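Residue numbers (this note's numbering): 61 to 174.
In what follows, a single structure is set out as C-alpha cells and then discussed.
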C-alpha cells in the first residue's frame, strides 16, 4: 500500500496518522476478496445500529473520519485516496453531518423485548 500511497501523502490528504485498525487498511487488505466483491453496502457499527433502528442508511461524518477516508478540507470522502488504492467508496452510505437526525425510530424499535 505504501508504494502506491506514501504515508506522508496519506496524512496530508486525510489528517489521520497511521493506525492499523482503521477501516482503510482493512479494506485495502480485503481488495478482491469474495466478501468485498459481493458487498452492496458497508456500514460502520454505529451506522448499522442506526439502520436497524430507523431503516435508513447513512455514515455519520465524525465516525467516518476513523476510516481514514475523509478529506478534512471538504468534509467529504477522500476520493483521490480511494482511487489510488482501488477502493470503491460507493459501498459507503451517504455522509450525514453530526447532529443530523437519521430518521424516526421504526416499529421494530418500539416492540417489547422478548
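We treat Cβ as the ideally placed atom computed from N, Cα and C, and that holds for glycine.
All of these numbers come straight from a predicted model, not from anything done at the bench.
By the DSSP assignment, the alpha helix (DSSP H) with residue 116 in it spans what residues? Residue 116 -> no alpha helix (DSSP H), and no H or E assigned at all.
I'd like to check one pair, residue 152 with residue 119: are the Cβ atoms closer than 9 Å? Taking 9 Å as the Cβ cut-off, residue 119 and residue 152 qualify as a contacting pair.
Give me whichever residues DSSP pairs with residue 130 in a beta bridge. According to DSSP, residue 130 bridges with 137.
For residue 109, does the count of other Cβ atoms within 10 angstroms reach 16, so buried, or fall short, so exposed? exposed
C-alpha gap between residue 72 and residue 133, whole angstroms: 10 Å
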